[in-house]
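Heads up, the thing below is written out as structure tokens.
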Amino acid sequence: MATAEEVAKAAERRDVRDRWLLSAPALLVILFAATGPLLIVLVYSFLTPGAYGDVKWQFSGNAWTSVFLERDIFDDTLSLAAAHVTIFWRSIKLAVVTTLATLALGFPTAYFMATRSEKTRDLWLFLITIPFWTNLLIRTFAVLQIIRNEGIVNTILLKLGIVSAPVQILYTDTAILIGMAYVYLPLMVLPIYASMEKLDFRLVEAGYDLYATRFKVLRKIIFPLVKPGVIAGSILVFIPALGAYVTPSVLGGGKNMMLSNLIELQFGQGRNWPLGSALSITVMIIVMVALLAYVRNAGKSGVRHG
Amino acid sequence: MASNFSIKHQPGFTAIAATCFIVLYLPIFVLVIYAFNAASSTSEWGGFSLKWFQSAYQNTQVIDATLRSFQIGAIAAVLSTIFATMAALATTRTASYPGLTFKYAAINQPLMVPEIVTGVALLIFFSRIKIFTGYSGIGYLVAAHTAFCIPFAYLPIRARLENMDLTLERAAADLYATPWKTFRRITLPLLWPGILAGLMLAFVISLDDVVITEFVKSGGQDTLPTYMLGQIRRGITPEINAISTAFLLLSVAIVTLFFFVSRKRD
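Protein chains in written order, with numbering that gives the first Met the number 0: chain A, 0 to 305; chain B, 0 to 265.
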């Protein structure tokens, strides 16, 4: 006869087994059509490009060296690949500026939403949720129509006589920046709002009782308390902004390449799949570093409400 | 003025918030208005007309792409919601067990990787399979969409489950209900709002995808967003505004529904 303890252990084992079986379909689909293929990308980054795209199964480290370096075709010396460095730098810069811009706009917006009465809060949340779930391409297209030379922004500037000729915004880095800040703003507002909603305003009141100024209350009380939301929002904006494809393709007009366009090029006209793979892994590494920094920071900020 | 002192006030915040809401909606309004423009330009107003909706409706490419989007979205949403529901049942309301953290990480993994990287990975992987099997149908798109929809469907279902305690299920078991019967009669009805929310979220996410679809699709497999991207790159006509407007309406309808379903927590 099995003892009660053994029976309980067997039941627990069965429970764990059932739980694995239940999650198996989801895990298998993700392994097949999301995580697994990433490993193939890693393998491909160490192969030789084929003449018509795809790869030859021959080991080569060339793809990795040419992520940042280029080999002189005459004397075989290596030098910094200026074009790639420029694109990496532009992508990171635009992603960081987008994150900061959405933070500057999103933080006050989330604060505004969280300080409304309980009833109207839902309405504001709904208003921020609609663009969040609206097709990103459509929103980018909407921005394109606004900032075109014939668009509403330039028309107003011309009518007011502020400028004499339309300002060329479209197909510049500024256009990409405006577009990205526009489409990713809800991603910043929502997590900050989620933290802000739980904010205990008695702490703010205590700050004022102790003669803190408004700015000091903001900096020393509100900001530290909603910091997890700020970090989450920044990550949510930074990751898609770094790999953004739609916004630079539509608003950058193909002239101002970002990382995603550079990667796409290797799988299209460039016919250098290994380089495309190495570039993709590099983007992943940057994202992972950002995520790790986030996890460490989130772990450190042990501020609790109440 | 001490009597007017509001502890919640921060100078300039309301103005910035107002600007944000205006800026968020203004471009969309302009886009919708020009969908009804009689002129064929997207900058000059030529009177009210529905002709661009009509021309979009008569464009077989648009209809074709729309139907494909719906087909992929429906299959991917249903599959990912079923899988996400099962996974949510397996990862909530339990003490920690070996592999639980791994499951969380695996399910959320598609969210952590930029779409462009997933797109490239799938392009490479599926092109191999295509050569191997000779199959180049819509199945690849369905598989890719199902995978990246799972974490989205999982979110509301898991949230709902975590707010449900096991009392009712235990009571049912005490009354000799089989595990399946308990699930059918107790768990599923209680979980239903979460499942519906997950289903809608997954459908919208699938419908919105551009990047992964762009890399995975074979020739002639445009979905509505990839078709629109191709058109926008070639030059814009109010027809795109009309398609966008119809698309927007659908999204807003689904979001509204989602909002009401997921707000009905208790």
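Think of the CB as a built atom: it goes at the ideal place given N, C-alpha and C, for glycine as much as any other residue. From a predicted model like this one, the values you see are computed outputs, not experimental measurements.
Contact check, Arg270(A) vs Tyr51(A) under 8 Å by CB: the rounded distance?
The sequence position of residue 270(A) within the first sequence is 271, counting from 1. The sequence position of residue 51(A) within the first sequence is 52, counting from 1. That belief holds up - the Cβ atoms of Arg270(A) and Tyr51(A) are roughly 7 Å apart, short of 8 Å.
Chain A contacts made by the stretch 99-113 of chain B, where a contact means CB separation under 8 Å
Lys102, Ala105, Ile106, Gln108, Pro109, Met111, Val112, Pro113
What residues in the stretch 33-58 of chain A bring their beta carbon closer than 8 Å to a beta carbon of chain B?
Ala33, Thr34, Gly35, Pro36, Leu37, Ile39, Val40, Tyr43, Asp53
How is Pro113(B) classed by DSSP in three states: helix, strand or coil?
Start at 1 with the first residue of the second sequence, and residue 113(B) comes out as number 114. DSSP places Pro113(B) in coil when its eight states are reduced to three.
Closer than 7 Å at the beta carbon, the chain A residues around Leu23(B):
Numbered from 1 along the second sequence, position 24 holds the residue referred to as residue 23(B). What Leu23(B) touches in chain A: Pro130, Leu184.
Just list the alpha helix (DSSP H) runs in the stretch 217-245 of chain A, keeping only unbroken ones of 4 residues or longer that don't cross its boundaries, in chain order.
222-241
Beta-carbon proximity check, Phe200(A) vs Thr13(B), cutoff 8 Å
For the purposes of this step, residue 200(A) is identified with residue 201 of the first sequence, where counting begins at 1. For the purposes of this step, residue 13(B) is identified with residue 14 of the second sequence, where counting begins at 1. No; because the gap between Cβ atoms is not below 8 Å, this pair is not in contact.
Classify Val162(A) as helix, strand or coil using the three-state DSSP reduction.
Within the first sequence, residue 162(A) is the residue found at index 163, counting from 1. Coil.
Backbone CA spacing between Arg138(A) and Val254(B) [nearest angstrom]:
Within the first sequence, numbered from 1, the residue matching residue 138(A) stands at position 139. Within the second sequence, numbered from 1, the residue matching residue 254(B) stands at position 255. The straight-line gap from Cα to Cα measures roughly 16 Å.
Residue burial classification, Asn162(B) (beta-carbon count within 10 angstroms, cutoff 16):
Within the second sequence, the letter at position 163 stands for residue 162(B). Looking at its Cβ environment, which holds fewer than 16 other Cβ atoms inside 10 Å, Asn162(B) is exposed.
Identity of the residues DSSP links to Leu77(A) by a beta bridge
Mapped onto the first sequence, residue 77(A) falls at position 78. Beta-bridge pairing links Leu77(A) to Arg70(A).
Return yes when the Cβ of Thr225(B) is within less than 8 Å of the Cβ of Thr212(B), no when it is not.
Walking along the second sequence from the start, residue 212(B) turns up at place 213. Walking along the second sequence from the start, residue 225(B) turns up at place 226. For Thr212(B) and Thr225(B), yes; Cβs fall inside 8 Å.
Assuming Thr98(A) and Phe237(A) form a contact by the criterion Cβ under 8 Å, report the distance between their Cβ atoms to the nearest whole angstrom.
One-based indexing of the first sequence puts residue 98(A) at position 99. One-based indexing of the first sequence puts residue 237(A) at position 238. Confirmed, about 5 Å.
Please go through the same chain and pick out, in chain order, the residues whose beta-carbon is closer than 8 Å to the beta-carbon of Glu149(A), but skip the five residues on each side of it.
The count along the first sequence starts at 1 and reaches residue 149(A) at position 150. So the list reads Pro165, once near-sequence residues are dropped.
Examine chain A for any beta-carbon lying closer than 8 Å to the beta-carbon of Val254(B), and answer yes or no.
Here residue 254(B) refers to the residue found at position 255 when the second sequence is read from its first residue. For Val254(B), the answer is yes, since a Cβ of chain A falls inside 8 Å of its Cβ.
Between the alpha carbons of Gly219(B) and Ala64(B), how many angstroms are there, rounded?
Looking up residue 219(B) in the second sequence gives position 220. Looking up residue 64(B) in the second sequence gives position 65. Near 9 Å, if we compare the C-alpha coordinates of Ala64(B) and Gly219(B).
Straight-line gap, Ile235(B) to Arg157(B) (C-alpha atoms, nearest Å):
Here residue 235(B) is taken as the residue at index 236 of the second sequence, counted from 1. Here residue 157(B) is taken as the residue at index 158 of the second sequence, counted from 1. Each residue's alpha carbon lies about 42 Å from the other.
What three-state label does DSSP hand Lys215(A) in the structure shown?
Within the first sequence, numbered from 1, the residue matching residue 215(A) stands at position 216. Correct three-state label for Lys215(A): helix.
Can you pull the DSSP bridge partners for Pro48(A)?
Here the question's residue 48(A) lines up with position 49 in the first sequence. In the DSSP output, where bridge partners are listed per residue, Pro48(A) has Val54(A).
If you draw a straight line from the C-alpha of Leu169(A) to the C-alpha of Thr133(A), how long is it?
Numbered from its first residue, the first sequence carries residue 169(A) at position 170. Numbered from its first residue, the first sequence carries residue 133(A) at position 134. Whole-angstrom Cα-Cα distance: 22 Å.
Through-space distance from Lys216(B) to Ala292(A), alpha-carbon basis
Here residue 292(A) corresponds to residue number 293 of the first sequence, with the count starting at 1. Here residue 216(B) corresponds to residue number 217 of the second sequence, with the count starting at 1. In a straight line, the C-alpha of Ala292(A) is about 35 Å away from that of Lys216(B).
Using three-state DSSP, classify Asn36(B) as helix, strand or coil.
By one-based count along the second sequence, residue 36(B) stands at place 37. Here Asn36(B) sits in strand by DSSP.
Would you please verify whether the beta carbon of Gln167(A) is less than 8 Å from any beta carbon of chain B?
Working through the first sequence from its first residue, we reach residue 167(A) at position 168. Not an interface residue.
Since Thr246(B) sits in a beta bridge, which residues does DSSP pair it with?
For the purposes of this step, residue 246(B) is taken as residue 247 along the second sequence, with counting starting at 1. Position check: residue 246(B) holds Phe in this sequence, whereas Thr was assumed. Answer is none; Phe246(B) lacks a bridge partner.
Would you mind working out which of Val28(A), Val203(A), Thr173(A) sits nearest Thr356(A), comparing C-alpha positions?
The structure shown does not extend to residue 356(A), since chain A spans only 0 to 305, so no value can be given for it.
Segment limits, alpha helix (DSSP H) that includes Met195(A)
Residue mapping note: residue 195(A) aligns to position 196 of the first sequence, counting from 1. That run of the alpha helix (DSSP H) goes 172-196.
Determine the DSSP secondary structure at Phe111(A), reduced to helix, strand or coil.
Here residue 111(A) corresponds to residue number 112 of the first sequence, with the count starting at 1. It is helical.
Give me the Cα-Cα distance between Pro26(B) and Arg147(A), rounded to the nearest whole angstrom.
By 1-based counting over the second sequence, the position of residue 26(B) is 27. By 1-based counting over the first sequence, the position of residue 147(A) is 148. So the two alpha carbons sit approximately 12 Å from each other.
Met283(A) versus chain B: which residues are under 8 Å apart at the beta carbon?
Position 284 of the first sequence, counted from the first residue, corresponds to residue 283(A). Those within 8 Å of Met283(A) in chain B are Val112, Pro113, Val116.
What residue range is occupied by the uninterrupted alpha helix (DSSP H) comprising Asn134(A)?
Within the first sequence, residue 134(A) is the residue found at index 135, counting from 1. Counting along the chain, Asn134(A) falls outside any alpha helix (DSSP H), and DSSP gives it neither H nor E.
Assuming contact is defined by CB atoms lying nearer than 8 Å, are Leu217(A) and Gln60(B) in contact in what I supplied?
Sequence index remark: in the first sequence, residue 217(A) carries index 218 (1-based). Sequence index remark: in the second sequence, residue 60(B) carries index 61 (1-based). Result no, Cβ atoms of Leu217(A) and Gln60(B) do not sit closer than 8 Å.
Length of the line joining the Cα atoms of Ala277(A) and Ala243(A):
Stepping through the first sequence from its first residue, residue 277(A) is reached at position 278. Stepping through the first sequence from its first residue, residue 243(A) is reached at position 244. Near 17 Å, if we compare the C-alpha coordinates of Ala243(A) and Ala277(A).
Gly301(A) to Phe131(A) span [Cα, whole Å]
Residue numbering aside, residue 301(A) sits at position 302 when the first sequence is read from its first letter. Residue numbering aside, residue 131(A) sits at position 132 when the first sequence is read from its first letter. Only weak support is given to the placement of Gly301(A): the predicted model assigns it a pLDDT of 47, under 50, and the value that follows is read from those uncertain coordinates. Distance between the alpha carbons of Gly301(A) and Phe131(A): 30 Å.
Decide yes or no for the touch test of the stretch 175-195 of chain A against the stretch 205-214 of chain A: beta carbon pairs closer than 8 Å, at least 3 of them.
no
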